[in-house]
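Peer 1: Dropping the structure in here first, questions after.
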């Protein structure tokens, strides 16, 4: 239950994201053997496919309950079938799977290294009890061919055929598929060629190749698309509570408009910034030049900014470059102490100071609030009534948000909390979920006060408590997107949700 969401999110985003990182991975084997791949026959390498190689404990044997419960009705049969099959992978000492659309038909080839007790059960024609403890939809029986078992999942919607060979469990979409696996193992036909490029020494890899399916789907909907395939590789290395993940996507850049992809360059995040204590969440993104094209078409400008002479073009120029947002520290709204939010723009020079001056001279001057000086800044300031607000700037940094200046602390390097590798990235993320749980717990006390005062529409206390427990189990995560097609992440301190 502690790792699934991060795994699937990373596959789809190659970023994202993220909070579920701690849900889908397990222990690290000493070595990931690749010899079982010799039992997987070759396919047309232009065919859409998914290849998985995972060592012991690298795949959780069940999907998170929320993923199953919240799946759309049309996708639920697929989700249920996948959940039924996960014990096969999750309890194996090694799993090697190729699923593809080859020669106009779906094919499945799987090789599983199972513990001796599980192999004995299967050799006797029984479903291992350990599988049944985790899956309600598995059923197994004899097939029409001697020595071949028929396994069904997802209430019979998915059918696989099994055979034991040389201490391995072979699985395929048909008995003929098992024959091809046998021939590949004996070297009578060509074998599937495995090519890994991301952290090859790590114990788990997922490789996807779309065979231009994305481009074809986009074309059918009238969307301009490049005539090229997209491929992705995800690698992970985890133990019970900690782990790391890395990915690379090829062919993604071709989908971006020329005016954007030619300007999206990784940058060094070396400027000192404020990371408030306690730090719950921090994220940064480097917005490319030409951002005014987006702002002019999509973003409305508040009237007070227009009165101050700040138009869309000025905002676009201000936002171009590194943009950082943080949640943490403390703020006060009337009598309530809440977590603060801070928006930071490093290296803005005169643009940043003009923006801060305009904010105070128009919006708050009309309300007769005068800012108090914030130490270390030459422009702007802070106010504490009726809530804590800070908006200040100097040549190398502009900040604005709802936060007490005492929570800022001293400027720190982003690398102190997010490992940047060579120091360059397009975007990055840090999240401390146990601290988020503490914040939510404090907010729940305000929720109780609101209930007593008769305020309607407050969240259900039981739902809040469940969310607090889930957040506490998720530990800390970091994600870094080095460029459009690659990145890495880590998590630590994950633990099972208490039942």
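Residue numbers (the working numbering): 1 to 499.
Ideal Cβ positions, reconstructed from N, Cα and C, are used throughout, including at glycine.
Pull up the CB-CB distance for residue 176 and residue 42, whole angstroms please, since I reckon it's below 8 Å.
Peer 2: The residue given as residue 176 occupies position 176 in the chain shown. The residue given as residue 42 occupies position 42 in the chain shown. Not confirmed; about 15 Å, so no contact.
Peer 1: With burial defined as no fewer than 16 other Cβ atoms inside 10 Å of the residue's Cβ, what is the status of residue 120: buried or exposed?
Peer 2: Working through the chain shown from its first residue, we reach residue 120 at position 120. Answer is exposed; the Cβ neighbour count stays below 16.
Peer 1: Should residue 47 and residue 101 be called a contact, given that it needs their Cβ atoms to be closer than 9 Å?
Peer 2: Position 47 of the chain shown, counted from the start, is the residue given in the question as residue 47. Position 101 of the chain shown, counted from the start, is the residue given in the question as residue 101. Against a cut-off of 9 Å, the Cβ pair of residue 101 and residue 47 comes out as a contact.
Peer 1: If we ignore side chains and look at the alpha-carbon of each, how far apart do residue 88 and residue 487 end up?
Peer 2: Counted from its first residue, the chain shown places residue 88 at position 88. Counted from its first residue, the chain shown places residue 487 at position 487. Answer to the nearest angstrom: the Cα atoms are 30 Å apart.
Peer 1: Counting Cβ pairs, one atom from each stretch, are 3 or more of them under 8 Å apart for the stretch 425 to 435 and the stretch 475 to 486?
Peer 2: Segments in contact, yes.
Peer 1: Can you tell which of 404, 282, 271 and 375 has its C-alpha closest to the C-alpha of residue 386?
Peer 2: Here residue 386 refers to the residue found at position 386 when the chain shown is read from its first residue. Ranking 404, 282, 271 and 375 by Cα distance to residue 386 puts 404 first.
Peer 1: To the nearest angstrom, how far is the alpha carbon of residue 129 from that of residue 85?
Peer 2: Within the chain shown, the letter at position 129 stands for residue 129. Within the chain shown, the letter at position 85 stands for residue 85. Distance between the alpha carbons of residue 129 and residue 85: 14 Å.
Peer 1: When you compare only the Cα positions, how much space is there between residue 127 and residue 238?
Peer 2: Translated into positions along the chain shown, residue 127 becomes position 127. Translated into positions along the chain shown, residue 238 becomes position 238. Roughly 28 Å separates the two Cα atoms.
Peer 1: Are residue 376 and residue 360 closer than 9 Å when you measure CB to CB?
Peer 2: Taking the chain shown and counting its residues from 1, one reaches residue 376 at position 376. Taking the chain shown and counting its residues from 1, one reaches residue 360 at position 360. No, Cβ-Cβ distance for residue 376 and residue 360 is not below 9 Å.
Peer 1: Below 8 Å on the Cβ atoms is my guess for residue 441 versus residue 477; work out the distance and round it to an integer in Å.
Peer 2: What you label residue 441 is simply residue 441 of the chain shown in a count that begins at 1. What you label residue 477 is simply residue 477 of the chain shown in a count that begins at 1. No, residue 441 and residue 477 are not in contact; Cβ-Cβ is about 20 Å, not under 8 Å.
Peer 1: Excluding the 5 residues flanking residue 52 on each side, which residues of the same chain have their C-beta closer than 6 Å to its C-beta?
Peer 2: Position 52 of the chain shown, counting from 1, holds the residue named residue 52. Once the five neighbours on either side are set aside, the close Cβ partners of residue 52 are 97 and 206.
Peer 1: Alpha carbon to alpha carbon, how far is residue 436 from residue 227? Give it in angstroms, no decimals.
Peer 2: Looking up residue 227 in the chain shown gives position 227. Looking up residue 436 in the chain shown gives position 436. Between residue 227 and residue 436, the C-alpha separation is close to 44 Å.
Peer 1: If residue 249 sits next to residue 232, beta carbons under 8 Å apart, how far is it from one beta carbon to the other, in whole angstroms?
Peer 2: As a first step, residue 249 must be located in the chain shown, where it is residue number 249. As a first step, residue 232 must be located in the chain shown, where it is residue number 232. Going by Cβ atoms, the distance from residue 249 to residue 232 rounds to 5 Å, so yes, they are a contact pair.
Peer 1: Am I right that residue 326 and residue 282 are in contact with their C-beta atoms under 8 Å? What's the rounded C-beta distance?
Peer 2: Taking the first residue of the chain shown as 1, we reach residue 326 at position 326. Taking the first residue of the chain shown as 1, we reach residue 282 at position 282. The pair is a contact, with the Cβ atoms about 5 Å apart (cut-off 8 Å).
Peer 1: Which word fits residue 149, buried or exposed, when buried means at least 16 other C-beta atoms lie within 10 angstroms of its C-beta?
Peer 2: Position 149 of the chain shown, counting from 1, holds the residue named residue 149. Residue 149 comes out buried.
Peer 1: On the three-state DSSP scale, how would you describe residue 165?
Peer 2: In the chain shown, residue 165 corresponds to position 165, counting from 1. In this structure, residue 165 counts as strand in the three-state DSSP scheme.
Peer 1: Relative to the C-alpha of residue 393, which residue among 412, 242 and 274 is closest?
Peer 2: Mapped onto the chain shown, residue 393 falls at position 393. For residue 393, the nearest C-alpha among the options comes from 274.
Peer 1: Taking all protein chains shown into account, decide if residue 166 is buried (16 or more other Cβ within 10 angstroms of its Cβ) or exposed.
Peer 2: For the purposes of this step, residue 166 is identified with residue 166 of the chain shown, where counting begins at 1. Exposed.
Peer 1: Beta-carbon separation of residue 343 and residue 323 under 9 Å?
Peer 2: Here the question's residue 343 lines up with position 343 in the chain shown. Here the question's residue 323 lines up with position 323 in the chain shown. Closer than 9 Å, so yes.
Peer 1: Residue range of the alpha helix (DSSP H) that residue 69 falls in?
Peer 2: To locate residue 69, count along the chain shown from 1; it is residue 69. First-last of the alpha helix (DSSP H) with residue 69: 65 to 69.
Peer 1: Which residues mark the beginning and the end of the alpha helix (DSSP H) in which residue 245 is found?
Peer 2: The residue given as residue 245 occupies position 245 in the chain shown. Counting along the chain, residue 245 falls outside any alpha helix (DSSP H), though it belongs to the beta strand (DSSP E) covering 243 to 250.
Peer 1: Taking only runs of the beta strand (DSSP E) that begin and end inside the stretch 261 to 288, which ones reach a length of at least 3 residues, in chain order?
Peer 2: Counting whole runs of 3 or more residues, the stretch 261 to 288 contains the beta strand (DSSP E) stretches 279 to 287.
Peer 1: Taking contact to mean 3 or more Cβ pairs, one atom from each stretch, closer than 8 Å, check whether the stretch 262 to 280 and the stretch 409 to 419 are in contact.
Peer 2: Yes, since at least three Cβ pairs between the stretch 262 to 280 and the stretch 409 to 419 fall closer than 8 Å, the two stretches touch.
Peer 1: Between which residues of its own chain and residue 202 is the CB-CB distance below 6 Å, once the five residues before and five after are set aside?
Peer 2: Sequence index remark: in the chain shown, residue 202 carries index 202 (1-based). Within the same chain, residue 202 has close Cβ partners 235 and 237.
Peer 1: Does DSSP put residue 27 in a helix, a strand or coil?
Peer 2: Numbered from 1 along the chain shown, position 27 holds the residue referred to as residue 27. Per-residue confidence for residue 27 stands at a pLDDT of 35, beneath the threshold of 50, marking its modelled position as unreliable; the derived number appears in the next sentence. Residue 27: coil per DSSP, three-state reduction.
Peer 1: What's the gap between the Cα of residue 79 and the Cα of residue 402?
Peer 2: Locating residue 79 in the chain shown gives position 79, where the first residue counts as 1. Locating residue 402 in the chain shown gives position 402, where the first residue counts as 1. The straight-line gap from Cα to Cα measures roughly 42 Å.
Peer 1: Would you please state the rounded distance, in angstroms, between the beta carbons of residue 94 and residue 113? I believe it to be under 8 Å.
Peer 2: What you label residue 94 is simply residue 94 of the chain shown in a count that begins at 1. What you label residue 113 is simply residue 113 of the chain shown in a count that begins at 1. Right, their Cβ atoms sit about 4 Å apart.
Peer 1: Report the start-end ranges of each alpha helix (DSSP H) in the stretch 119 to 171 that is 4 residues or longer and not cut off at the edges.
Peer 2: For the stretch 119 to 171, whole alpha helix (DSSP H) runs of length 4 or above, ordered along the chain, are 129 to 134.
Peer 1: Determine the DSSP secondary structure at residue 483, reduced to helix, strand or coil.
Peer 2: Residue numbering aside, residue 483 sits at position 483 when the chain shown is read from its first letter. Strand.
Peer 1: Grab me the residues of residue 174's own chain with a C-beta within less than 7 Å of its C-beta, minus the 5 sequence neighbours each way, in chain order.
Peer 2: As a working mapping, residue 174 is identified with position 174 in the chain shown. Closer than 7 Å at Cβ, skipping near neighbours: 161.
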